[in-house]
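Protein chains in written order, with the working numbering: chain E, 380 to 1159; chain F, 18 to 180. C-beta atoms are modelled at their ideal positions from N, C-alpha and C, and glycine is treated no differently. Taking it in order: structure first as structure tokens, then the write-up.
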Amino acid sequence: MGVEGIGARVARKEDKRFITGKGRYTDDMVVVGMKHAHFVRSPYAHAKIRSIDASAAEKMLGVIAVLNGKQMTEDGIGNLICGWMIHSKDGSPMNMGAWRPIAQDTVRYVGDAVAVVVADTKAQARDAAEAVVVDYEELPVVTEAVQALKDGAPQLHPEAKNNLIFDWEIGDAAATDAAIKSAAHVTKMKIVNNRLIPNPMEPRAALGIYDEAEDHYTCYTTSQNPHVARLVMSAFYNVAPENKLRVIAPDVGGGFGSKIYIYPEEIVCLWASKRTGVPVKWNSDRTEAFLADAHGRDHVTEVEMAFDADNNMTALKVDTIANLGAYMSLFSSSVPTYLYATLFSGQYKIPAIHGNVRTVYTNTAPVDAYRGAGRPEATYLLERIVETAARELNVDPAELRRQNFIREFPYQTPVIMCYDAGDYEASLEAAMQAADYKGFPARRDEAESRGKLRGIGMSCYIEACGIAPSQAVGSLGAGVGLWESAEVRVNAVGTVEVLTGSHSHGQGHETTFAQLVNDRFGLPIDQVSIVHGDTDKVQMGMGTYGSRSGAVGMSAIVKALDKVEAKAKKIAAHLLEADESDIEISGGELKVKGTDKTVPWFQMALAAYTAHNLPDGMEPGLKEGAFYDPTNFTFPAGCYICEVEVDPDTGKTEIVQFVAADDFGKIINPMIVEGQVHGGIAQGIGQALLEGTSYDPETGQLLTASYMDYTMPRADDLPSFKVSTTETACPGNPLGIKGCGEAGAIGSPPALINAITNAIGKNDLTMPATPQKVWAALQG
Amino acid sequence: MAEITMTVNGRTVSGTCEDRTLLVQFIRENQGLTGTHVGCDTSQCGACVVHVDGKAVKSCTMLAAQANGSEVTTIEGLASGGELHPVQAAFREHHGLQCGFCTPGMIMTAVDMIRRHDGQLDEHTVRSELDGNICRCTGYHNIVKAILAAAEEMGGSAKVAAE
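Structure representation (structure tokens):
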């Protein structure tokens, strides 16, 4: 390992601009003649729009236009779509209702856009929006999925009877029921996975610029996947053909899934720019972000786990109702199905598994992938029920897990996934040792002497990353392939540009990806630039989500580097009059093995571009591209242990220790990987302890629409974390990478709830475990 | 409309803006200093922290007019002569940032925190003092580490200078 190569703890190249205030985010962009958009949003969760009167607003100072959904329809702008088709178990396709970028007849959640004002300044646009008079006819509201399924519940979309989007199943129902019937012990639970609001610190923004002379659009936007945005806006929303639409996602301030989707606002900015003839910028304020960013989770589940007389797991049965909100967001259907139920086996040998999932429309913000996307929900139900079963069976939770671990690979689960590699015992042991698991009883006794209830809980998670083999996801209903692309350009002076379809919004790609080039050719990373986030620069890419930039994005770079290396060796062999099989590259030089004959990297590159002396028939230049389509998902796994102290008088939980032992396969930059784990754990702790989304069930008002109501994890809510890794290489990709972006958010919530319920001796506790809930549980 | 004059990063600037213009809007839109960010609308997140007359202030809680005549330092004015401020350097060294959006506010808060505590900080104090700054990426782990390291570094150099 070199100082900047694979495995090196390299400080990030991109940091300089962020720590000096030179980062360039979408809202920082200013173009000549730019005007500002402000959306008029529905204050009602469900209502008919009788009329919109913009006459007063249109006369206000600075106002250029007040635009509505009818005009968008007239201009041929299409409906927003869900790009993953799921069929119900009866074979019928999912019941997708129409989603207009600006509502035309009916609003279905508080925050649904009904009009947009374009004005000279943000303040003028906001003032005028308040003067737009919308006459609503209120309709009955339903916010909870279980209620929405009931006969007589308010109906959201004519396409979805009883608000049911689909009723889907996976696994073998008969075998599972039989195993449960003949079991020695069955543990049953009702599990609620609370709705979360993603809250990247940079609110969403978009700047639409229409160039009339070229009939061309440019969109700056806060996107995790600008190429997908261009594809979808072009192919489905009819904004412009791809060659007439450039999408740029510059510095993006966090995403966590919420910036995957193509939202109404960026479409509206582009369309409004053409309609008004001026560049139009919109920047979400935080309240809008709470109302109109896609939310995450929101499942209600009944689960049963069966054991034989020796405590071997024999079956798992899951029945989930998932709330998808008022409209089907871009990947919403895949989250509670193929990203969720395919992980029901966890780290365990469970011979029979069956899952049933019903997804439901309600008068709430659309729900889609949020950090982990389906996998936290699967892990939470599994790790809660395993822990609960251990308590019922009176065995050590660690031993019950250990006894049921999968130990042979590849392992075909009953729910599609085939795990390629892993060592679950290694991460369990590492975590137990780091947490001093054996020493817990003494610590509990000591805490008791101070009047505190101390508890310990663990979670052994597995997840599926590196999404995903295109053919496989295609057969499961995905509307896109999930490969990645890369291009490696060696300049004439030997410096390198790597163009990637992955997008960095905090993950440090500009450093990690450059480390690959350093490792391969020995070039300093400051001679390597990573280019991403612009559809005019990078040909096509699928973006960053599902912890795929390492396993898929970097694999594409490796493939392109292979091609560059092969050509570079040919050129060097020609220059050095040697056989290309004798050329090796290191330290920025190409050498003939076993001799002192070398040619510096830059000289080889120059030779490629002067083309004065190249092998016969070789094209000039040194630039290679590659597409990489993964052969399987990757399967990061690990063990998290959390230790808490609960104050019985107040119900307040203090996290006194949090240990993570993760197997991410090969690691390129441990510093960045640890940072990903820290952030993920904080979000998981947020879900388990602090973050509760609350809609008023009568009116559909979002009661937690600001940082004064929705509890974000702050520094003094969290401890420092003890993180470590174990390693089994992933056999499925050239670097052996599994992915690390979501593990923390997946593994931590059950560990924390298991710890609190252990501390208070009561098992019935829902997230977020606020002091009020913990105190109430203690009284019950 | 208000006529405003203030010193921003050592340079006297003036501008005309609506009375309701917030300091953060004046800094970002009038002065084009976009390193100061807006992450919320309830003065909770701290992405907009700047120094006004030497003290950390959330620039979304103050009208631009209230800063008339003041000396304002933003993240762009923290490094001097191409040399990073020790807090900036520590954030990089300890990986105290990921997406970078909360970072300017975090750094400006940290500089003020170290000054007020005379570099005498421990983890508990740092976490407690960061109550007004939200980060969604890092879990604060490395931010806390970076601030403690910077405090030590700054205290250390002061000590060396005194000797």
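Check whether residue i and residue j have beta carbons under 8 Å apart
i, j, result
"F/ARG109", "E/ARG391", "yes"
"F/HIS1", "F/ASN159", "One cannot answer for residue 1 of chain F here, as it falls past the ends of chain F, which runs 18 to 180."
"E/GLY476", "E/TYR759", "no"
"E/THR399", "F/ALA96", "yes"
"E/VAL520", "E/GLY1079", "yes"
"E/TYR740", "E/ILE964", "no"
"E/PHE686", "E/ALA552", "no"
"E/ASP499", "E/GLY441", "yes"
"E/LEU1081", "E/PRO1147", "no"
"E/GLN603", "E/VAL631", "yes"
"E/TYR749", "E/PHE635", "yes"
"E/GLY1123", "E/GLY1030", "no"
"E/PHE1014", "E/TYR798", "yes"
"E/GLY973", "E/GLN1055", "no"
"E/TYR1012", "E/CYS844", "Inspection of the sequence shows that residue 1012 of chain E is occupied by Phe rather than by Tyr. Against a cut-off of 8 Å, the Cβ pair of E/CYS844 and E/PHE1012 comes out as a contact."
For residue i, three-class secondary structure by DSSP
i, result
"E/CYS648", "helix"
"F/ILE164", "helix"
"F/GLU170", "helix"
"F/ALA179", "For F/ALA179, the pLDDT reaches just 35, beneath the cut-off of 50, and the residue's location in the model is therefore unreliable, although a value from the coordinates is still provided. Three-state result, F/ALA179: helix."
"E/HIS1057", "helix"
"E/MET568", "strand"
"E/GLY587", "strand"
"E/VAL931", "helix"
"F/VAL143", "helix"
"F/GLU110", "helix"
"E/SER806", "helix"
"F/PHE118", "coil"
"F/VAL104", "helix"
"E/TYR840", "strand"
"E/ARG429", "strand"
"E/TRP547", "strand"
"E/ALA1134", "helix"
"E/ALA416", "strand"
"F/GLN183", "Residue 183 of chain F cannot be examined here, being either before or after the span of chain F that is shown, 18 to 180."
"E/HIS819", "In the sequence as displayed, the identity of residue 819 of chain E is Phe instead of His. The answer is helix: DSSP assigns E/PHE819 an H, G or I state."
"E/GLU523", "coil"
Can you check the stretch 681-761 of chain E for any beta strand (DSSP E) of at least 3 residues that lies completely inside it and give the ranges in chain order? 692-704, 731-740
Using a Cβ-Cβ cutoff of 7 Å, what residues of the stretch 1095-1108 of chain E are near chain F? List them in chain order. ASP1095, LEU1097, SER1099, PHE1100
Three or more C-beta pairs below 8 Å linking the stretch 687-701 of chain E and the stretch 647-660 of chain E: no
Against chain E: residues of the stretch 102-118 of chain F by CB proximity under 7 Å: GLN105, PHE108, ARG109, GLU110, HIS112, LEU114, GLN115, CYS116, GLY117, PHE118
Is the stretch 673-689 of chain E touching the stretch 75-83 of chain F, taking contact as three or more C-beta pairs under 8 Å? no
Taking only runs of the beta strand (DSSP E) that begin and end inside the stretch 21-73 of chain F, which ones reach a length of at least 3 residues, in chain order? 28-34, 66-69
Could you list the residues in the stretch 654-675 of chain E with a C-beta less than 7 Å from some C-beta on chain F, going in chain order? ASP664, ARG665, THR666
Give, in chain order, every residue of the stretch 573-594 of chain E whose Cβ lies closer than 9 Å to some Cβ of chain F. PRO577, ASN578, PRO579, MET580, GLU581, PRO582
Would you list, in chain order, the members of the stretch 622-644 of chain E that have their beta-carbon closer than 9 Å to a beta-carbon of chain F? ASP630, VAL631, GLY632, GLY633, GLY634, PHE635
With a cut-off of 8 Å, do at least 3 Cβ pairs link the stretch 1017-1025 of chain E to the stretch 804-818 of chain E? yes
Select from the stretch 76-94 of chain F all residues with a C-beta closer than 7 Å to any C-beta belonging to chain E, and list them in chain order. THR91, ILE92, GLU93
Touching or not, the stretch 925-932 of chain E and the stretch 1108-1123 of chain E, by the rule of three or more beta carbon pairs under 8 Å? yes
Near-chain F residues of the stretch 1023-1050 of chain E - C-beta to any C-beta below 7 Å: MET1050
Give the list of continuous beta strand (DSSP E) stretches no shorter than 3 residues that lie fully inside the stretch 1008-1035 of chain E. 1016-1025
At least three beta-carbon pairs within less than 8 Å, the stretch 770-782 of chain E to the stretch 664-683 of chain E: no
Please confirm if the stretch 120-132 of chain F is in contact with the stretch 66-73 of chain F, defined as three or more CB-CB distances below 8 Å between the two stretches. yes
Tell me which residues of the stretch 598-609 of chain E have at least one Cβ-Cβ distance to chain F shorter than 9 Å, keeping chain order. none
Which whole runs of the beta strand (DSSP E) in the stretch 852-893 of chain E are 3 residues long or more, in chain order? 863-869, 875-879
Contacting positions in the stretch 65-76 of chain F - beta carbon closer than 7 Å to chain E: none
Restricting to runs no shorter than 4 residues, where is the alpha helix (DSSP H) found entirely within the stretch 948-1008 of chain E? 980-989
Would you call the stretch 471-491 of chain E and the stretch 1137-1155 of chain E in contact, with 3 or more CB pairs under 8 Å? no
Below 8 Å, can you find three or more Cβ-Cβ pairs linking the stretch 838-858 of chain E to the stretch 787-794 of chain E? no
Answer yes if the stretch 718-738 of chain E comes into contact with the stretch 1100-1107 of chain E, meaning at least three C-beta pairs across the two stretches below 8 Å, and no otherwise. no
Check each residue of the stretch 836-855 of chain E: if its Cβ is closer than 7 Å to any Cβ of chain F, include it; give the result in chain order. none
Does the stretch 422-442 of chain E come close enough to the stretch 509-520 of chain E to have 3 or more Cβ pairs within less than 8 Å? yes
In chain order, what residues of the stretch 143-171 of chain F put their CB closer than 9 Å to some CB of chain E? VAL143, ARG144, SER145, GLU146, LEU147, ASP148, GLY149, ASN150, ILE151, CYS152, ARG153, CYS154, THR155, GLY156, TYR157, HIS158, ASN159, ILE160, VAL161, LYS162
Taking Cβ-Cβ distances below 9 Å as the criterion, which residues of the stretch 22-46 of chain F are in contact with chain E? GLU35, ARG37, THR38, GLN42, ARG45, GLU46
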